[in-house]
Amino acid sequence: MPRRTRHHALFDRLRTPRKLPGFLKAASVCVLIAGLLSPLAQATTAAAATASNDYCGGQCSDILPPGENGNATLAQILLNQAFGTQPSHAEDQLGPYNNLATGYSTLTDAKINTFFNDSSFGVASSQVASTESPAGRSDVTIVRDKATGVPHITGTTRYGTEFGAGYAAAEDRLWLMDVFRHVGRGQLTTFAGGVASNQGLEQEFYRNAPYSEADLQAQIDNAVANNGARGQQALADADAYLDGINSYIDASDSGRYFPGEYVLTGHKDSITNAGTIDHFKITDLVALASVIGALFGSGGGGEVNNAISLLAAQDKYGVTEGTKVWESFRERNDPEAVLTVHNGESFPYGTKPDSPQGEALPDAGSVTTEPLVYNATGTGADQSAGAASAAATKTALSSARRGMSNALVVSGKYTASGHPIAVFGPQTGYFAPQLLMLQEIQGPGISARGASFAGLSMYVELGRGQDYAWSATTSGQDIIDSYAVELCQDDYHYLFHGTCTAMDEVEQTNSWKPTTADGTAAGSYTMKVWKTKYGPVEYRATVGGKKVAYTTLRSSYMHEADSIIGFQMLNDPDYVKSPQTFQSAVQHINYTFNWFYADSSHTAYYNSGNNPVRASGVDSEFPVWGQAAYEWQNWDPSTNTADYTPAAQHPQSIDQDYYVSWNNKQALNYTTASWGDGSVHRGNLLNDRVKKLVAAGGVTRSALVKAMADASLTDLRAEDVLPDLLKVINSSTVTDSTAAAAVTKLQTWLTAGGKRTETSAGSKTYANADAIRILDAWWPLLVKAEFQPGLGDDLYTAFTNNLYIDETPSAAHGPTGAHAGSSFQYGWWSYVDKDIRSVLGQTVSGPLAEQYCGGGSLSACRDILISTLKTAAGTSASTVYPGDSLCSAGDQWCADSIVQRTLGGIKHYNISWQNRPTFQQVVEFTSHR
502 MPRRTRHHAL
512 FDRLRTPRKL
522 PGFLKAASVC
532 VLIAGLLSPL
542 AQATTAAAAT
552 ASNDYCGGQC
562 SDILPPGENG
572 NATLAQILLN
582 QAFGTQPSHA
592 EDQLGPYNNL
602 ATGYSTLTDA
612 KINTFFNDSS
622 FGVASSQVAS
632 TESPAGRSDV
642 TIVRDKATGV
652 PHITGTTRYG
662 TEFGAGYAAA
672 EDRLWLMDVF
682 RHVGRGQLTT
692 FAGGVASNQG
702 LEQEFYRNAP
712 YSEADLQAQI
722 DNAVANNGAR
732 GQQALADADA
742 YLDGINSYID
752 ASDSGRYFPG
762 EYVLTGHKDS
772 ITNAGTIDHF
782 KITDLVALAS
792 VIGALFGSGG
802 GGEVNNAISL
812 LAAQDKYGVT
822 EGTKVWESFR
832 ERNDPEAVLT
842 VHNGESFPYG
852 TKPDSPQGEA
862 LPDAGSVTTE
872 PLVYNATGTG
882 ADQSAGAASA
892 AATKTALSSA
902 RRGMSNALVV
912 SGKYTASGHP
922 IAVFGPQTGY
932 FAPQLLMLQE
942 IQGPGISARG
952 ASFAGLSMYV
962 ELGRGQDYAW
972 SATTSGQDII
982 DSYAVELCQD
992 DYHYLFHGTC
1002 TAMDEVEQTN
1012 SWKPTTADGT
1022 AAGSYTMKVW
1032 KTKYGPVEYR
1042 ATVGGKKVAY
1052 TTLRSSYMHE
1062 ADSIIGFQML
1072 NDPDYVKSPQ
1082 TFQSAVQHIN
1092 YTFNWFYADS
1102 SHTAYYNSGN
1112 NPVRASGVDS
1122 EFPVWGQAAY
1132 EWQNWDPSTN
1142 TADYTPAAQH
1152 PQSIDQDYYV
1162 SWNNKQALNY
1172 TTASWGDGSV
1182 HRGNLLNDRV
1192 KKLVAAGGVT
1202 RSALVKAMAD
1212 ASLTDLRAED
1222 VLPDLLKVIN
1232 SSTVTDSTAA
1242 AAVTKLQTWL
1252 TAGGKRTETS
1262 AGSKTYANAD
1272 AIRILDAWWP
1282 LLVKAEFQPG
1292 LGDDLYTAFT
1302 NNLYIDETPS
1312 AAHGPTGAHA
1322 GSSFQYGWWS
1332 YVDKDIRSVL
1342 GQTVSGPLAE
1352 QYCGGGSLSA
1362 CRDILISTLK
1372 TAAGTSASTV
1382 YPGDSLCSAG
1392 DQWCADSIVQ
1402 RTLGGIKHYN
1412 ISWQNRPTFQ
1422 QVVEFTSHR
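If you want our numbering, it's the position in the sequence shown, counting the first as 1, plus 501.
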């Protein structure tokens, strides 16, 4: 039996029901399952209609591990726990996805669907697994294919189509949808258990989006009222979608085939069927959207941390030189940064003003984080709860967002066929069930196939239409600002336009007790947020001796539902007919994303988001005073609306030779909120490869997939920084035997491509494993030795709070955590690169303000690198890879491996590391309407 992954927070203690202690024996399982198994909806074979509206010519493919089926009955969960058996279509996309890592080198166009699904419209009659008419409706059918079980929803009425979409979503993701509606409301622990990581998850989102039921409803009302006929259609679609979800809830409840997690968490009784599964309501959709938007589409934040590091730099170097040093590490507009729009066009946003106005920098040492948790009892107050709360706070207040990526798009001018080719998709992490689900929707005004977030799948959010495809990556431009509001009367009143105004107190009290799924002992706490007109309070401090509260205001706050119009347009074949209409559609999405498009003749790109127009002189990097003079232009606090930069000022392009994006800088002078857009970025791994393909011409789908796959296995530090590090070391003969041996190993690995890949498929051992271990151990040592002496302890620490030193596949820190695939997004590789090149005497555009390695001395720098390299070479694998609940100490492959983190009762095997999108498309349209 293959080794299984550890459980996620929700099911860290998921075993068998307590009446069957220990590992279930076969006889016990069989007896129990016989009483639990209920028939699923009966299927009949039917032929699918010929897809005459598909212009891809069989050249569209997609993949989404682990599998389409994300629901499991209690019996199926128990079988999985006891024997590792999988429900049908729960794991059948995991193997093909995993196999690309060792199979891409011999890939041809003919072999693409060995590693991807055919995403053509419709299902051939011989491939139909089932057809159902949900709730007996005559205006919609759901056909599922044999290969993957993906629902193909076809409706003759708009209502029936959306009803079917809701029904199919509940069939495949009901439990997950229920989990995330509770996350969005800050009620996860009450619903799913009080394990520390559940506490952390609900706290992370509640801090920044503490919505009341009235707040959620107001967002729906405003989105509908402000969008005319499309707003009314979106409301009707959402209502029909909810009716479909709730119809499935009722059917599965009465038929007793609902997800087994409801039993394991105490919401349903497996014997009497007592208990309820609450119907979904429209405000649940907004709660779900707020979670997804916060995870992937809300760039900005971190202004207070920026202020702290600026003050540390000024304290170290003086105001003028300290500011210069800070700006060089910030890399707002680094001239060496890889760009998505690389034709030289400039899109200024977030640039440094000549004379900053209204800055409200805290007095040194005065900043404290605003508490969120009050009146904690039991396991809500223990050590693990405290650690989870601290981690959640750091994540919520950081500008480092999860990278949703990547994209490689090549113009038809450079392809073998003359048609554009795209390989793109979102890097949303790995979960079981997956956050996304696949579907095809065909109905009046809707024609699309692709992925949607579970519970928000009334439209395809990332996918293909009849003759075009689209995808997105996280962009991260700054739509979040921090305001310092001066306190008056007490700590809970502040000056707003000269009037002492009370803060609004919002709170959520949660309690939990042990269940079969989560044995965490009883506990409780209250989450409390103080809200101002400038947003929730995040910190308190003094500024010039005055007591202030620092708030966070996000342009998408109270507008979580607005983007529905853009997605509706993307699904409408009568709206999207060209690159221009595509760009017009995504302009209606207020979250911060990079959007990519390809049809049979054109490619396009557009950067979305409601970018606020700031007051003249305001520097978005730092907190400003909460005063009318420094507010967003024409800001209305009652609706949180303002003037936004016009569409023409957003980075955009049509038919550029190629586009790449891996959460890198969008265009010249367009500043993103997170740090690290410098000379070395993981976007370089894509850009270098695609640029070579385009220069050679004749690009094929398989060639572009190979470029993506090759980049996905490459260690960024090895490819783009290690060569110069070795130049310094080899600037004179290495006489130390330990260092010389390490250099030889690193050079051998570098010559082989600097990849983290298995010696052969399934070996679970890396080629050049010792070199990889050495670099993993060396990097944090060399960064600290290179920079800390020059920066000093305080400034070095402050800068590491702005930007992580490293994000290796095995790193547990960062916005994604360990076993998450996504790697090398945040780190000091650009700083090391620029500093080392400077010490070597090379030309550096946008250099750091000082030389740090050895104080600029090549020989002293060399001594530092050799000393730290020797230490790294002697560091054991068990120290570099200390082990966790999944991996034993020293198991390098396992430490890097990807885990499908369980959000339900079904577990999957871990797979070899790849740094690639979770859902991914390969598309090349052959014709157009």
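For every residue, glycine included, the Cβ atom is placed at its ideal position computed from N, Cα and C.
Let me know if SER972 comes out buried or exposed under the rule of 16 or more other beta-carbons within 10 Å of its beta-carbon. On the sequence shown, residue 972 is found 471 positions in, with the first residue counted as 1. Per the 10 Å Cβ criterion, buried.
With the cut-off set at 7 Å, would you say LEU937 and LEU1404 are in Cβ contact? Translated into the one-based positions of the sequence shown, residue 937 becomes position 436. Translated into the one-based positions of the sequence shown, residue 1404 becomes position 903. It is not a contact, given that the beta carbons lie outside the stated cut-off.
Based on the DSSP output, what are the partners of CYS561 in its beta bridges? What you label residue 561 is simply residue 60 of the sequence shown in a count that begins at 1. Residue pairing by DSSP places CYS561 opposite VAL1424 in a beta bridge.
Residue closest to ASP883, alpha-carbon to alpha-carbon, out of SER1368, GLN700 and SER1117: As a working mapping, residue 883 is identified with position 382 in the sequence shown. The residue among SER1368, GLN700 and SER1117 with its C-alpha nearest the C-alpha of ASP883 is GLN700.
Three-state secondary structure (DSSP) at HIS920? In the sequence shown, counting from the first residue as 1, residue 920 sits at position 419. Of the three classes helix, strand and coil, the one that applies to HIS920 here is coil, per DSSP.
Secondary structure at ILE1367, three-state DSSP: helix, strand or coil? Position 866 of the sequence shown, counting from 1, holds the residue named residue 1367. Here ILE1367 carries a helix assignment [DSSP, helix/strand/coil].
Relative to the alpha-carbon of ILE1367, which residue among SER1238, GLN1421 and THR1427 has its alpha-carbon at the smallest distance? Residue mapping note: residue 1367 aligns to position 866 of the sequence shown, counting from 1. Of all alpha-carbon atoms in SER1238, GLN1421 and THR1427, the one lying nearest the alpha-carbon of ILE1367 is that of SER1238.
Can you round the beta-carbon distance between GLU1061 and ALA790 to whole angstroms, since I take them to be within the 8 Å contact cut? For the purposes of this step, residue 1061 is identified with residue 560 of the sequence shown, where counting begins at 1. For the purposes of this step, residue 790 is identified with residue 289 of the sequence shown, where counting begins at 1. In this structure GLU1061 is in contact with ALA790, their Cβ atoms being roughly 4 Å apart against a cut-off of 8 Å.
GLY1024 and GLY879 - do their beta-carbons sit closer together than 7 Å? Stepping through the sequence shown from its first residue, residue 879 is reached at position 378. Stepping through the sequence shown from its first residue, residue 1024 is reached at position 523. Contact flag set, yes.
In three-state DSSP terms, what is ASN840? In the sequence shown, the residue the question calls residue 840 occupies position 339. Asn is not the amino acid found at residue 840; the sequence shown has Leu there. It is a strand residue.
Contact defined as beta carbons within less than 8 Å: I believe ALA1378 pairs with GLN1393. What is the distance between those atoms, to the nearest angstrom? Position 877 of the sequence shown, counting from 1, holds the residue named residue 1378. Position 892 of the sequence shown, counting from 1, holds the residue named residue 1393. By a beta-carbon distance limit of 8 Å, ALA1378 contacts GLN1393. Their separation comes to about 6 Å.
How would you write the range of the alpha helix (DSSP H) that ALA886 sits in, first residue to last? One-based indexing of the sequence shown puts residue 886 at position 385. If you look at ALA886, you'll find it in the alpha helix (DSSP H) that goes 884 to 898.
Mind pulling the alpha helix (DSSP H) runs of 4 or more residues that sit fully within the stretch 648 to 690? As far as the stretch 648 to 690 is concerned, its whole alpha helix (DSSP H) runs of at least 4 residues are 659 to 685.
Tell me whether ALA889 is buried or exposed, calling it buried when 16 or more other Cβ atoms sit within 10 Å of its Cβ. Mapped onto the sequence shown, residue 889 falls at position 388. By the neighbour-count rule (16 or more Cβ atoms within 10 Å), ALA889 is buried.
Alpha-carbon to alpha-carbon, ARG645 and THR632: Start at 1 with the first residue of the sequence shown, and residue 632 comes out as number 131. Start at 1 with the first residue of the sequence shown, and residue 645 comes out as number 144. Rounded to the nearest angstrom, the two C-alpha atoms are 7 Å apart.
Could you give the C-beta distance for SER810 and ASN1416, rounded to a whole number, given that I count them as a contact under 8 Å? Walking along the sequence shown from the start, residue 810 turns up at place 309. Walking along the sequence shown from the start, residue 1416 turns up at place 915. Beta-carbon to beta-carbon, SER810 and ASN1416 are separated by about 28 Å, too far to satisfy the 8 Å threshold.
Take ASP1178 and list the residues in its own chain whose beta-carbon comes closer than 7 Å to its own, dropping the five residues that flank it on each side. As a first step, residue 1178 must be located in the sequence shown, where it is residue number 677. Once the five neighbours on either side are set aside, the close Cβ partners of ASP1178 are GLU832, ASP835, ALA838, ASN1165 and LYS1166.
Skipping 5 residues on each side, what residues in its chain have a beta carbon closer than 6 Å to that of VAL826? Within the sequence shown, numbered from 1, the residue matching residue 826 stands at position 325. Hits under 6 Å: ALA814, TYR818 and ALA1350.
Taking the alpha-carbon positions, what's the HIS683 to GLN704 distance? Reading the sequence shown from its first residue, position 182 is the one you call residue 683. Reading the sequence shown from its first residue, position 203 is the one you call residue 704. Taking the straight line from one Cα to the other gives about 12 Å.
So, helix, strand or coil for CYS989, using DSSP? Locating residue 989 in the sequence shown gives position 488, where the first residue counts as 1. CYS989: strand per DSSP, three-state reduction.
Taking only the alpha-carbon atoms, compute the straight-line gap between HIS920 and THR655 and give it to the nearest angstrom. Indexing the sequence shown from 1 puts residue 920 at position 419. Indexing the sequence shown from 1 puts residue 655 at position 154. Spanning the two alpha carbons is a distance of roughly 29 Å.
In the DSSP assignment, find the beta strand (DSSP E) that holds ASN1108 and state where it starts and stops. What you label residue 1108 is simply residue 607 of the sequence shown in a count that begins at 1. Per DSSP, ASN1108 is one residue of the beta strand (DSSP E) stretching across 1104 to 1108.
What residue from GLU592, TYR1098, SER553 and SER626 has the CA that sits closest to THR649's CA? Sequence index remark: in the sequence shown, residue 649 carries index 148 (1-based). Comparing Cα-Cα distances from THR649 to each of GLU592, TYR1098, SER553 and SER626, the minimum goes to GLU592.
PRO711 and VAL1007: beta carbons closer than 7 Å? Taking the sequence shown and counting its residues from 1, one reaches residue 711 at position 210. Taking the sequence shown and counting its residues from 1, one reaches residue 1007 at position 506. Contact: yes.
Who are the near neighbours of ASN806 in its chain, counting only those whose CB is closer than 7 Å to its CB and skipping five residues on each side? To locate residue 806, count along the sequence shown from 1; it is residue 305. Contacts found: ASN1302 and ASN1303.
Inspect the beta-carbon positions of VAL651 and GLU569 and report whether they are closer than 7 Å. One-based indexing of the sequence shown puts residue 651 at position 150. One-based indexing of the sequence shown puts residue 569 at position 68. For VAL651 and GLU569, yes; Cβs fall inside 7 Å.
Suppose you measure from the CA of ILE783 to the CA of PRO588; what does that come to, to the nearest Å? Here residue 783 is taken as the residue at index 282 of the sequence shown, counted from 1. Here residue 588 is taken as the residue at index 87 of the sequence shown, counted from 1. Cα-Cα distance, rounded: 30 Å.
Contact defined as beta carbons within less than 8 Å: I believe MET959 pairs with TYR742. What is the distance between those atoms, to the nearest angstrom? For the purposes of this step, residue 959 is taken as residue 458 along the sequence shown, with counting starting at 1. For the purposes of this step, residue 742 is taken as residue 241 along the sequence shown, with counting starting at 1. Contact flag correct, Cβ pair sits at about 4 Å.
Minimum C-alpha distance to LEU873 - residue among GLY859, GLN1128 and ALA892: Working through the sequence shown from its first residue, we reach residue 873 at position 372. Sorting GLY859, GLN1128 and ALA892 by C-alpha distance to the C-alpha of LEU873 places ALA892 at the top.
Given GLY661, which residues of its chain have a CB within under 6 Å of its CB, disregarding the five upstream and five downstream residues? Counting from one through the sequence shown, the residue named residue 661 turns up at place 160. Around GLY661: ARG638, ASP640 and VAL641.
Could you give the residue range of the beta strand (DSSP E) that holds PRO1037? For this step, residue 1037 is matched to residue 536 along the sequence shown. Residues 1036 to 1044.
Please go through the same chain and pick out, in chain order, the residues whose beta-carbon is closer than 7 Å to the beta-carbon of ASP1336, but skip the five residues on each side of it. Mapped onto the sequence shown, residue 1336 falls at position 835. If we look at ASP1336 and ignore the five residues flanking it on each side, its Cβ neighbours are GLU1287, LEU1349, GLN1352, TYR1353 and CYS1354.
First and last residue of the beta strand (DSSP E) that includes SER972? For the purposes of this step, residue 972 is taken as the residue at position 471 of the sequence shown. Here the beta strand (DSSP E) through SER972 covers 969 to 975.
Just verifying my parser: in three-state terms, what is the DSSP assignment at SER912? Here residue 912 is taken as the residue at index 411 of the sequence shown, counted from 1. In the structure shown, SER912 sits in coil (DSSP, three-state: anything other than H, G, I, E or B).
Using a 10 Å radius around the Cβ and a threshold of 16 neighbouring Cβ atoms, would you call SER1057 buried or exposed? By 1-based counting over the sequence shown, the position of residue 1057 is 556. Buried.
Quick one: using the 10 Å Cβ neighbour count with 16 as the cut-off for buried, is LEU525 buried or exposed? Locating residue 525 in the sequence shown gives position 24, where the first residue counts as 1. Note that LEU525 has pLDDT 27, beneath the 50 cutoff, so the model's placement of it is unreliable and no number is given.
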